[in-house]
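Asks:
Protein chains: 2
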Amino acid sequence: MFGTAKETNGRREIKSVHKIDEILAVIKRLNEGTLTEIAEEVDLTKGTVHTYLRTLHNCGYLTEEDGVYRLSLQFITVAEHVRNETSLYMAGHDEVDALAERTGEYAHLVAEERAREVTLYESRGEYAIATDYHLRLRETPQYLHHNAAGKAMLANFAADRRDRILEAQELEAQTENTITDEAELRDTLETVRENGYALNDEEEIRGMRAVGAPIRVPDGSIFGAVSMSAPASRLQGERFRSAVPEIVMETANLIEVNLETAQREG
Amino acid sequence: MFGTAKETNGRREIKSVHKIDEILAVIKRLNEGTLTEIAEEVDLTKGTVHTYLRTLHNCGYLTEEDGVYRLSLQFITVAEHVRNETSLYMAGHDEVDALAERTGEYAHLVAEERAREVTLYESRGEYAIATDYHLRLRETPQYLHHNAAGKAMLANFAADRRDRILEAQELEAQTENTITDEAELRDTLETVRENGYALNDEEEIRGMRAVGAPIRVPDGSIFGAVSMSAPASRLQGERFRSAVPEIVMETANLIEVNLETAQREG
DNA sequence: TAAACTCGTTTGATATATGCAAATGTTTAT
DNA sequence: ATAAACATTTGCATATATCAAACGAGTTTA
Chain A
0 MFGTAKETNG
10 RREIKSVHKI
20 DEILAVIKRL
30 NEGTLTEIAE
40 EVDLTKGTVH
50 TYLRTLHNCG
60 YLTEEDGVYR
70 LSLQFITVAE
80 HVRNETSLYM
90 AGHDEVDALA
100 ERTGEYAHLV
110 AEERAREVTL
120 YESRGEYAIA
130 TDYHLRLRET
140 PQYLHHNAAG
150 KAMLANFAAD
160 RRDRILEAQE
170 LEAQTENTIT
180 DEAELRDTLE
190 TVRENGYALN
200 DEEEIRGMRA
210 VGAPIRVPDG
220 SIFGAVSMSA
230 PASRLQGERF
240 RSAVPEIVME
250 TANLIEVNLE
260 TAQREG
Chain B
0 MFGTAKETNG
10 RREIKSVHKI
20 DEILAVIKRL
30 NEGTLTEIAE
40 EVDLTKGTVH
50 TYLRTLHNCG
60 YLTEEDGVYR
70 LSLQFITVAE
80 HVRNETSLYM
90 AGHDEVDALA
100 ERTGEYAHLV
110 AEERAREVTL
120 YESRGEYAIA
130 TDYHLRLRET
140 PQYLHHNAAG
150 KAMLANFAAD
160 RRDRILEAQE
170 LEAQTENTIT
180 DEAELRDTLE
190 TVRENGYALN
200 DEEEIRGMRA
210 VGAPIRVPDG
220 SIFGAVSMSA
230 PASRLQGERF
240 RSAVPEIVME
250 TANLIEVNLE
260 TAQREG
């Protein structure tokens with residue numbers, strides 16, 4: 000989305016979709032732009048881009064004020080729809096609120112899409128810090144090996160799904176603690192499977208630790224994770240390695256039950 | 000967006016954009032669909048729709064599992080970006096949290112786009128009710144005359160902007176209390192301007208009242224509103240007509256100051 | 001005050017990407 | 001084993017996206 004398309008291996012595609020995607024990507028990157036500014040960044044003439052912008056504006060993808068285009072607020076309403084139709088969100092947001100309240104820290108509900116982690120919901124406990132940072136983090140799907148929730152999911156995928164993800168990419172580092180060696184990561188994931196929870200020891204953000212647990216359903220199609228993150232100073236020793244994991248796994252279990260019962264109803 | 004384009008008055012447009020918009024609209028409406036299901040709803044052959052779906056999937060707009068397409072979770076991440084780039088959200092979300100906490104009820108931060116109200120942020124106080132209903136409400140931009148925040152904005156727009164909005168549409172009713180008469184609405188808006196706040200007396204949801212206040216900036220370009228909503232039984236008499244309006248206006252004022260200072264910084 | 005420049009918008013002509021119909025795979029049902 | 005339903009591919013005709021160039025509006029410069 001917005002400029003991240005894979006190469007088209009010979010199969011026919013609609014070129015206009017790619018052009019639209021490219022234009023939206025440019026506007027997202029510039030945050031706002033005039034026709035000339037946008038056209039400069041795209042391999043199309045000003046006249047053509049003008050026609051695209053007119054149509055995208057008319058269809059509600061863009062707003063325009065004094066010749067300046069931006070992504071429209073309608074993306075927010077569409078996102079609400081997508082979220083509300085995601086059963087994991089519906090089953091989990093109250094439990095994540097409860098987790099944030101019990102721990103006083105940030106709690107997260109995430110899902111996997113295209114080998115990346117998308118945050119469905121985030122709840123801020125009383126003592127939660129780095130609010131703005133977390134807001135920005137949600138703008139970009141994250142690598143699964145960067146944090147506890149991602150590792151919890153990765154560990155519990157079927158082997159072939161995990162292999163496909165691990166083989167498709169290099170393990171980029173985010174901090175000096177990020178696991179970048181595949182063998183080491185696979186060992187860790189083995190432990191995560193055994194324990195039922197994953198830890199993140201300053202692997203994503205220096206000074207921050209986190210605990211995550213997978214959310215499973217029998218048929219395997221729905222999948223996600225919950226996690227709780229806090230400054231390392233407030234998350235150490237027994238609390239980090241036992242008490243909080245218990246609470247996080249309990250939350251995951253509650254969400255699993257919610258998913259189960261919701262499924263039987265509808 | 001997704002099937003709400005106005006008619007194209009003679010000017011040239013990119014037809015593919017409309018087709019994409021229509022396809023996404025169908026998938027949004029069906030929530031999920033196979034190629035055949037989607038193609039049935041669109042005036043294109045299966046083969047053509049197939050090419051569109053392939054491209055939209057490749058570009059990250061859709062997910063596909065066992066031949067079933069859905070809107071992708073990436074819409075959520077894009078929405079986060081849009082929201083974080085909206086200065087009103089950045090200036091207002093903490094204040095709206097505070098408003099929800101002080102009143103114990105739902106607090107809302109909204110903006111106007113295309114003559115409709117879009118919710119940028121919503122905060123749930125301790126006693127807030129109808130959570131699921133509010134989630135669903137956020138999926139669709141609302142008419143401005145349906146609630147307190149919308150009326151607060153409408154009342155404080157420049158006259159021509161207000162006229163353009165009022166003249167473009169019928170005043171649809173939502174409950175028996177909704178103001179559907181233009182003259183009556185204009186009178187109400189006059190009062191709203193005088194008071195500095197707007198009331199909603201079961202005009203949007205039966206049994207719910209709300210109080211809203213406009214968020215202004217000198218140059219007039221940024222515009223929005225805050226509101227607080229609660230069951231009528233908890234929002235009556237002096238509390239409805241004076242105490243809560245004071246608090247809501249205070250919140251709006253704080254957000255205005257945040258906007259001002261943020262603007263001077265960057 | 002005119003000329004030069006910038007930016008958005010329109011338009012005719014053209015190449016090509018799109019869309020159809022029909023054929024080909026692939027899976028599911030009988 | 002056969003039929004049916006569905007997804008996918010492909011050749012061909014044509015609608016349409018694109019370019020270049022012209023036009024118009026607004027701003028700056030001399």
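Chain order of the listed sequences is A and B. Going by numbering that gives the first Met the number 0, the first sequence runs without a break in its numbering and finishes at 265. Going by numbering that gives the first Met the number 0, the second sequence runs without a break in its numbering and finishes at 265. By construction, the Cβ of each residue, glycine as well, lies at the ideal position given by its N, Cα and C atoms.
Under 8 Å, Cβ to Cβ, is there at least one residue of chain A near residue 207 of chain B?
Replies: No - not a single Cβ of chain A is within 8 Å of the one on residue 207 of chain B.
Asks: Taking Cβ-Cβ distances shorter than 9 Å, what residues in chain B pair up with residue 232 of chain A?
Replies: Result: empty, since nearest Cβ-Cβ is about 24 Å, beyond 9 Å.
Asks: Interface residues of chain A around residue 27 of chain B at Cβ under 8 Å?
Replies: Going along chain A in sequence order, the residues near residue 27 of chain B (Cβ under 8 Å) are 77 and 80.
Asks: Strictly by DSSP, which residues pair up with residue 222 of chain A?
Replies: Answer is A/215.
Asks: Do residue 117 of chain B and residue 106 of chain B have their CB atoms nearer than 8 Å?
Replies: Result no, Cβ atoms of residue 117 of chain B and residue 106 of chain B do not sit closer than 8 Å.
Asks: Assuming residue 81 of chain A is part of the alpha helix (DSSP H), what are its boundary residues?
Replies: Residue 81 of chain A -> alpha helix (DSSP H) spans 73-83.
Asks: Tell me, please, whether the CB atom of residue 222 of chain B is closer than 8 Å to any CB atom in chain A?
Replies: Taking Cβ atoms only, chain A never reaches closer than 8 Å to residue 222 of chain B, which makes this a no.
Asks: Mind checking who residue 109 of chain A pairs with in its DSSP beta bridge?
Replies: Per DSSP, A/118 and A/224.
Asks: Note down the Cα distance separating residue 70 of chain A from residue 59 of chain A, rounded to an integer number of angstroms.
Replies: In a straight line, the C-alpha of residue 70 of chain A is about 9 Å away from that of residue 59 of chain A.
Asks: What did DSSP end up calling residue 262 of chain B once you bin it into helix, strand or coil?
Replies: Residue 262 of chain B: helix per DSSP, three-state reduction.
Asks: Taking 8 Å as the CB-CB cut-off, is residue 137 of chain B touching chain A?
Replies: True, the Cβ-Cβ gap to chain A drops below 8 Å.
Asks: Would you mind telling me which residues of chain A sit closer than 9 Å to residue 17 of chain B, beta carbon to beta carbon, in chain order?
Replies: Chain A residues near residue 17 of chain B: 54, 57 and 58.
Asks: For residue 245 of chain A, which three-state DSSP category applies?
Replies: Helix, per DSSP.
Asks: Give the DSSP-derived three-state secondary structure of residue 199 of chain B in the structure shown.
Replies: Looking at residue 199 of chain B - three-state DSSP - the assignment turns out to be strand.
Asks: Starting from the N-terminal side, write out each stretch of the alpha helix (DSSP H) that is 4 residues or longer and does not extend beyond the segment 25-62 of chain B.
Replies: Listed in chain order, they are 34-39 and 45-57.
Asks: Taking contact to mean at least 3 C-beta pairs separated by less than 8 Å, is the segment 227-245 of chain B in contact with the segment 164-177 of chain B?
Replies: Too few Cβ pairs lie closer than 8 Å, so no.
Asks: Kindly list, in the order they appear in chain B, the residues whose Cβ is closer than 8 Å to that of residue 119 of chain A.
Replies: Going along chain B in sequence order, the residues near residue 119 of chain A (Cβ under 8 Å) are 72 and 75.
Asks: Does DSSP put residue 152 of chain A in a helix, a strand or coil?
Replies: In this structure, residue 152 of chain A counts as helix in the three-state DSSP scheme.
Asks: Check the Cβ of residue 20 of chain B against every Cβ in chain A and list those closer than 7 Å, keeping chain order.
Replies: The answer, in chain order, is 58.
Asks: At a Cβ threshold of 8 Å, is residue 156 of chain B touching chain A?
Replies: Not closer than 8 Å to any Cβ of chain A, the Cβ of residue 156 of chain B fails to qualify, so no.
Asks: Hey, quick one: how far does the beta strand (DSSP E) through residue 161 of chain A stretch, first residue to last?
Replies: Segment 158-167 is the alpha helix (DSSP H) holding residue 161 of chain A; no beta strand (DSSP E) there.
Asks: Give every residue of the same chain whose Cβ lies closer than 6 Å to the Cβ of residue 127 of chain B, excluding the five residues on either side of it in the sequence, and list them in chain order.
Replies: So the list reads 104 and 105, once near-sequence residues are dropped.
Asks: Suppose you measure from the CA of residue 266 of chain B to the CA of residue 247 of chain B; what does that come to, to the nearest Å?
Replies: Examination of residue 266 of chain B is not possible in this model, given that chain B is present from 0 through 265 alone.
Asks: Is DSSP giving residue 23 of chain A helix, strand or coil here?
Replies: It is helical.
Asks: For the beta strand (DSSP E) that contains residue 69 of chain B, what are its first and last residues?
Replies: It spans 67-70 - the beta strand (DSSP E) in which residue 69 of chain B sits, taken as one unbroken run.
Asks: Pull up the distance between the alpha-carbon of residue 148 of chain A and that of residue 79 of chain B, whole angstroms please.
Replies: Their backbone Cα atoms lie some 19 Å apart in a straight line.
Asks: What is the DSSP secondary structure of residue 4 of chain B, counted as helix, strand or coil?
Replies: Three-state DSSP puts residue 4 of chain B in coil, outside helix and strand.
Asks: Does residue 0 of chain A have its Cβ less than 8 Å from a Cβ in chain B?
Replies: So, interface residue.
Asks: Which residue's Cα is closest to the Cα of residue 256 of chain B: B/143, B/217 and B/137?
Replies: Comparing Cα-Cα distances from residue 256 of chain B to each of B/143, B/217 and B/137, the minimum goes to B/217.
Asks: When the Cα of residue 8 of chain A is compared with those of B/22, B/101, B/144 and B/53, which residue comes out closest?
Replies: It is B/53.
Asks: So for residue 138 of chain B, helix, strand or coil by DSSP?
Replies: Coil.
Asks: Give the range of the alpha helix (DSSP H) segment to which residue 86 of chain B is assigned.
Replies: Start and end: 86-102.
Asks: Report whether the distance from the Cβ of residue 134 of chain B to the nearest heavy atom of the ligand NAP is below 7 Å.
Replies: This structure simply doesn't include the ligand NAP, nor any ligand for that matter.
Asks: Would you mind stating whether residue 112 of chain A and residue 250 of chain B have Cβ atoms separated by less than 8 Å?
Replies: No, they are not a contact pair.
Asks: To the nearest angstrom, how far is it from the Cα of residue 191 of chain B to the Cα of residue 152 of chain B?
Replies: Each residue's alpha carbon lies about 10 Å from the other.
Asks: Contact criterion: CB-CB distance below 8 Å. Does residue 153 of chain A meet it with respect to chain B?
Replies: It does not: the Cβ of residue 153 of chain A has no partner Cβ on chain B nearer than 8 Å.
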